[in-house]
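Notes to accompany the following structure.
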Ligand code: T46
């Protein structure tokens with residue numbers, strides 16, 4: 018975290034980061050810079066959309082991946098746990114992102130029709146970074162201690 022001194026974080030766990038919002042009569046604009054607004058370099062972006070009603074995404078944790086999730090359109094819930102406690106964040110504002118550090122199990126639920134979930138992360142895609150078995154996640158969580 019020290020590398021990113023300009024990114025002010027209250028704590029290390031999952032948290033909402035309010036991004037700059039440039040109001041303009043033509044419409045609003047929001048931007049994000051790696052290392053400035055989020056405590057990691059942004060290497061990859063992907064987005065989830067056309068989610069059928071009642072479907073759920075996620076259901077895993079990451080070993081090294083830092084992430085910012087943004088509802089660029091619509092609304093959904095991000096349920097996070099560190100294996101000790103859990104929280105639910107509702108994302109529905111394009112100028113707010115949910116920062117998720119490594120070691121957090123997440124599920125994304127309650128997608129409103131037409132929602133888009135943008136994800137900005139610090140790593141390329143590789144399956145070895147995923148923990149997809151909840152028992153394995155809990156074992157690692159007990160070794161690492163609480164984050165939330
Ligand atoms: C996360 C949540 C929010 C790729 O080939 N490249 C990629 O960059 C990504 C993200 C996925 N994929 C492939 C891997 C799977 O065959 O796309 C397929 C679906 O991925 P997955 O089942 O992991 O999707 P979600 O919605 O469960 O999870 C995704 C991200 O993988 C994950 O990092 O945090 O969105």
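Residue numbers (our numbering): 18 to 165. The C-beta atom is built at its ideal place from N, Cα and C for all residues, glycine as well.
At the level of alpha carbons, what is the spacing between residue i and residue j?
i: residue 46; j: residue 132; result: 18 Å
i: residue 112; j: residue 64; result: 16 Å
i: residue 28; j: residue 141; result: 25 Å
i: residue 155; j: residue 119; result: 13 Å
i: residue 67; j: residue 158; result: 32 Å
i: residue 26; j: residue 151; result: 28 Å
i: residue 160; j: residue 39; result: 43 Å
Considering only the alpha carbon of each residue, which of the options lies closest to residue i?
i: residue 51; options: 163, 136, 144; result: 136
i: residue 77; options: 62, 144, 104, 163; result: 144
i: residue 107; options: 83, 81, 134; result: 134
i: residue 53; options: 36, 120, 69; result: 36
i: residue 73; options: 29, 129, 109, 38; result: 129
i: residue 162; options: 148, 100, 149; result: 100
Can the beta-carbon of residue i be found less than 7 Å from the beta-carbon of residue j?
i: residue 81; j: residue 146; result: yes
i: residue 3; j: residue 59; result: Examination of residue 3 is not possible in this model, given that the chain is present from 18 through 165 alone.
i: residue 75; j: residue 125; result: yes
i: residue 122; j: residue 98; result: yes
i: residue 138; j: residue 84; result: yes
i: residue 117; j: residue 31; result: yes
i: residue 167; j: residue 102; result: Outside the shown range of the chain (18 to 165) lies residue 167, about which nothing can therefore be said.
Return yes when at least one heavy atom of ligand 2 lies under 6 Å from the C-beta of residue i, else no.
i: residue 74; result: Absence of ligand 2 from the depicted structure is noted, with ligand 1 being the only ligands included.
Contiguous beta strand (DSSP E) assignments of at least 3 residues, all confined to the segment 81-145: 84-90, 93-98, 103-108, 113-117, 122-126, 133-138
Count the C-beta pairs between the segment 89-106 and the segment 56-63 that are closer than 8 Å, then say yes if the count reaches three, no if not. no
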